[in-house]
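Numbering (the numbering used here), first residue to last: 8 to 120.
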């Protein structure tokens, strides 16, 4: 079992040191270095959570709430730092998806799939 844990640690370190993880950290740093962008992102998340809570509660979502979310989204989409962040997140998630698929493929043999 210790060998498996060591391999998992090596995998985690390799993922952390991957170009995808480095790009994600850099993109997050660019957004965080600009207080206005960080605030815009927080406002977007807050509005998104508000709408999600209304949906979960089967409550009506006001047109003004939808417009506010769209406005925040448009502002974020116009910022090159957010575009880089989204691209970096997609690359990182794709890497993790590939790792997961590879592990699942190997474990499927053990689990009878």
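Glycine included, each C-beta is placed from N, C-alpha and C at the ideal position.
Would you grab the beta carbon distance between residue i and residue j for me? Rounded to a whole angstrom, and I think it's under 8 angstroms.
{"i": "residue 37", "j": "residue 99", "result": "Contact flag wrong, Cβ pair sits at about 15 angstroms."}
I'd like to know whether the C-beta atoms of residue i and residue j end up nearer to each other than 9 angstroms.
{"i": "residue 12", "j": "residue 103", "result": "no"}
{"i": "residue 92", "j": "residue 35", "result": "yes"}
{"i": "residue 96", "j": "residue 31", "result": "yes"}
{"i": "residue 57", "j": "residue 72", "result": "yes"}
{"i": "residue 94", "j": "residue 41", "result": "no"}
{"i": "residue 106", "j": "residue 14", "result": "no"}
Tell me whether residue i sits in a helix, a strand or coil according to DSSP, three-state version.
{"i": "residue 95", "result": "helix"}
{"i": "residue 84", "result": "helix"}
{"i": "residue 62", "result": "helix"}
{"i": "residue 69", "result": "coil"}
{"i": "residue 90", "result": "helix"}
{"i": "residue 24", "result": "coil"}
{"i": "residue 57", "result": "helix"}
So, for residue i: in the same chain, excluding its five sequence neighbours on each side, which residues have a beta-carbon less than 6 angstroms away from its beta-carbon?
{"i": "residue 84", "result": "none"}
Once the 5 residues before and after residue i are set aside, which same chain residues still bring their CB inside 8 angstroms of it?
{"i": "residue 54", "result": "72, 75, 76, 79"}
{"i": "residue 50", "result": "79"}
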